[in-house]
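K.L.:
Okay, here's the structure, questions in a sec.
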Amino acid sequence: FQKKKTWKTGFFIFFFFFFEVGSHSNGVAVLPAPQNLSVHSTNMKHLLTWSPVILPGEMTFYSVEYQGEYESLYTSHVWIPSSSCSPTNGSECDITDDITATVPYNLRVRTTRDSQTSAWSTLEHPFNRNSTVLMPPRMEVTKDGFHLVLELEDLGPQFEFLVVYWRREPGAKEHAKVVRRGGIPVHLETMDAGAAYCVKAQALVKTIGRHSAFSQAKCVEVQGESLPLALALSAFVGFLLVLAAVPLSIWKTGQLLRYSCCPVTVLPDTLKITSSSQKLISCRREEVDACAVVVLSSEQLLEAWT
């Protein structure tokens, strides 16, 4: 019995030693690998997700790598780190910028913490961006006066939009227009007074040769009396401006001509002649001589005094 117990103890020690050596080979401990890898792709936005690995202690990180078709066929040992998720502490990775061609991509993820790493978990089936789910674009339909204006959601440079619009009435003809870019208001048509117009749109992606379904139609209506009232008000205001501007212009022109050709000179008061010119002319020489100064001697002065 003692020999059997000793044998079991030795076997347990050997197994534990083997496990410890295997799990710490090259000084790196093996962590649990992420599970349930999948890619969710909508409107050419690709998100790789996995189940998080729960470990006690410090925060856990993940590394994400991928292979394109060329690497898979000719350099299978080469894996490229994701541009946005190596490493990441979340359980998802936006791989949109890594998927640049319409070919199958292999993806893999592993857990990392300090110098420890897990084995790689690989996506079960390669991902191709032509499997993305295309949704109709969000849109806003408004009226600017009598202009029908549309603004579409900006989904990125790979998207174009087919816009269909029509006047809402029986037997109305539909009109189509391709919009190259979202996020910018686009004028579709000048509307008639009292009519309603409807718009719908779908997203197009030439790189994958696919398009979404059409969005639900949105309609706007122009009131029938708006146009005559606006025209009447504009005409009335213009008429008043003309009535005020023409007389003012004539008067101003007359003033300019008057002061330019026949200026009025105002003399100062010191230069004005207040007495008659006849009085000045009748002034005689004798009267001037009578006012002459006479010099008298002392005897004549005394005689004149006595």
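For the sequence shown, the numbering used here gives the first residue as 471, with consecutive numbering after it. Every residue gets a Cβ at the ideal spot worked out from N, C-alpha and C, and that includes glycine. Remember, it's a predicted structure, so these values are computed and weren't measured experimentally.
Using only CA atoms, which one of Ala666, Leu501 and Trp721 lies nearest to Met529?
P.N.:
As a working mapping, residue 529 is identified with position 59 in the sequence shown. Of Ala666, Leu501 and Trp721, the residue nearest in Cα terms is Leu501.
K.L.:
Under 8 Å by Cβ, that's how I've got Tyr536 and Trp520 pegged, so tell me the actual separation to the nearest angstrom.
P.N.:
What you label residue 536 is simply residue 66 of the sequence shown in a count that begins at 1. What you label residue 520 is simply residue 50 of the sequence shown in a count that begins at 1. In fact, because the Cβ distance is near 14 Å, the residues do not count as touching under 8 Å.
K.L.:
Would you mind sorting Pro504 into buried or exposed? The rule is 16 or more other CB atoms within 10 Å of its CB.
P.N.:
If you number the sequence shown from 1, residue 504 lands on position 34. Counting Cβ neighbours within 10 Å, Pro504 comes out buried, since at least 16 surround it.
K.L.:
Cα-Cα, which of Glu541, Thr570, Pro606 and Thr582 is closest to Pro522?
P.N.:
Here residue 522 refers to the residue found at position 52 of the sequence shown. When only C-alpha atoms are compared, the closest one is Thr582.
K.L.:
Which word fits Arg580, buried or exposed, when buried means at least 16 other C-beta atoms lie within 10 angstroms of its C-beta?
P.N.:
Residue 580 sits at position 110 when you count from the first residue of the sequence shown. Buried, because 16 or more other Cβ atoms sit within 10 Å of the Cβ of Arg580.
K.L.:
Across the segment 645 to 652 and the segment 630 to 637, are there enough close Cβ pairs to call them in contact, namely three or more that are closer than 8 Å?
P.N.:
Yes: the two stretches touch, three or more of their Cβ pairs being nearer than 8 Å.
K.L.:
Alpha carbon to alpha carbon, how far is Asn600 from Lys647? Give it in angstroms, no decimals.
P.N.:
Position 177 of the sequence shown, counted from the start, is the residue given in the question as residue 647. Position 130 of the sequence shown, counted from the start, is the residue given in the question as residue 600. Whole-angstrom Cα-Cα distance: 25 Å.
K.L.:
Could you name each continuous beta strand (DSSP E) segment of 3 residues or more that falls completely within the segment 631 to 710, going from the start of the chain to the end?
P.N.:
Runs of the beta strand (DSSP E) inside the segment 631 to 710: 645 to 649, 656 to 660, 666 to 675 and 688 to 691.
K.L.:
Return the bridge partner residues of Leu517 from the DSSP annotation.
P.N.:
Taking the first residue of the sequence shown as 1, we reach residue 517 at position 47. In the DSSP output, where bridge partners are listed per residue, Leu517 has His510 and Asp564.
K.L.:
Helix, strand or coil: how does DSSP classify Ile550 here?
P.N.:
On the sequence shown, residue 550 is found 80 positions in, with the first residue counted as 1. Looking at Ile550 - three-state DSSP - the assignment turns out to be strand.
K.L.:
With a threshold of 16 other CB atoms inside 10 Å of the CB of Ala705, please say whether the residue is buried or exposed.
P.N.:
Taking the first residue of the sequence shown as 1, we reach residue 705 at position 235. Answer is exposed; the Cβ neighbour count stays below 16.
K.L.:
Nearest by alpha-carbon distance to Tyr635: which of Cys689, Gly679 and Ser585 is it?
P.N.:
As a working note, residue 635 is residue 165 in the sequence shown. Ranking the options by Cα distance to Tyr635, first place goes to Cys689.
K.L.:
If you reduce the DSSP assignment to three classes, tell me which class Leu622 lands in.
P.N.:
Working through the sequence shown from its first residue, we reach residue 622 at position 152. Strand at Leu622.
K.L.:
Comparing alpha-carbon positions, which option in Ser546, Thr677, Lys676 and Val692 lies nearest Asp662?
P.N.:
The residue given as residue 662 occupies position 192 in the sequence shown. Among Ser546, Thr677, Lys676 and Val692, the Cα nearest to that of Asp662 belongs to Val692.
K.L.:
In terms of residues, what are the limits of the beta strand (DSSP E) holding Leu543?
P.N.:
Taking the first residue of the sequence shown as 1, we reach residue 543 at position 73. It is not in any beta strand (DSSP E) - Leu543 instead sits in the alpha helix (DSSP H) that spans Glu539 to Tyr544.
K.L.:
Quick one: residues in its chain with C-beta nearer than 7 Å to the C-beta of Gly626, no 5 flanking neighbours on either side, listed in chain order?
P.N.:
Within the sequence shown, residue 626 is the residue found at index 156, counting from 1. So the qualifying residues of the chain are Met514.
K.L.:
Mind checking Ala762: buried by the 16 CB within 10 Å criterion, or exposed?
P.N.:
For the purposes of this step, residue 762 is taken as residue 292 along the sequence shown, with counting starting at 1. Residue confidence is low: Ala762 scores 48 on pLDDT, short of 50, so the model does not pin down where it sits. Its coordinate-derived value is still stated next. Exposed, since its Cβ has fewer than 16 Cβ neighbours within 10 Å.
K.L.:
Exposed or buried, Lys670, counting other C-beta atoms within 10 Å across all chains shown (16 or more means buried)?
P.N.:
The residue you call residue 670 lines up with position 200 of the sequence shown. That one is buried.
K.L.:
In this structure, does DSSP put Ser533 in helix, strand or coil?
P.N.:
Along the sequence shown, read from residue 1 onward, the residue named residue 533 stands at position 63. Ser533: strand per DSSP, three-state reduction.
K.L.:
Excluding sequence positions up to five away, which residues of its chain have a Cβ less than 8 Å from the Cβ of Val573?
P.N.:
Here residue 573 refers to the residue found at position 103 when the sequence shown is read from its first residue. Closer than 8 Å at Cβ, skipping near neighbours: Gly538, Glu539 and Asn598.
K.L.:
Could you check which residue in Val619, Ala665 and Asp624 has the C-alpha nearest to that of Arg608?
P.N.:
The count along the sequence shown starts at 1 and reaches residue 608 at position 138. The option with the nearest alpha carbon to Arg608 is Asp624.
K.L.:
For Val619, which residues of its own chain have a beta-carbon under 8 Å away from its beta-carbon, when the five flanking residues on both sides are left out?
P.N.:
Locating residue 619 in the sequence shown gives position 149, counting from the first residue. Closer than 8 Å at Cβ, skipping near neighbours: Val611, Thr612, Lys613, Pro655, Val656, His657 and Leu658.
K.L.:
Output the distance between the C-alpha atoms of Leu577 and His595, rounded to the nearest integer angstrom.
P.N.:
Here residue 577 corresponds to residue number 107 of the sequence shown, with the count starting at 1. Here residue 595 corresponds to residue number 125 of the sequence shown, with the count starting at 1. Leu577 and His595: Cα-Cα distance of roughly 9 Å.
K.L.:
Does the separation of the CB atoms of Ser682 and Met605 fall below 7 Å?
P.N.:
The sequence position of residue 682 within the sequence shown is 212, counting from 1. The sequence position of residue 605 within the sequence shown is 135, counting from 1. Result yes, Cβ atoms of Ser682 and Met605 sit closer than 7 Å.
K.L.:
Could you tell me which residues DSSP puts in a beta bridge with Leu577?
P.N.:
Residue 577 sits at position 107 when you count from the first residue of the sequence shown. The partner list for Leu577 (beta bridge, DSSP) reads Tyr536.
K.L.:
Start and end of the beta strand (DSSP E) containing Asp584?
P.N.:
Looking up residue 584 in the sequence shown gives position 114. Element bounds for Asp584: n/a, residue is neither H nor E.
K.L.:
Would you tell me roughly how many angstroms separate the C-alpha atoms of Leu517 and Ser546, rounded to the nearest one?
P.N.:
As a working mapping, residue 517 is identified with position 47 in the sequence shown. As a working mapping, residue 546 is identified with position 76 in the sequence shown. Cα-Cα distance, rounded: 23 Å.
K.L.:
For Glu621, which of Gln672, Thr566 and Tyr532 has the nearest alpha-carbon?
P.N.:
Counting from one through the sequence shown, the residue named residue 621 turns up at place 151. Considering only alpha carbons, the answer is Gln672.
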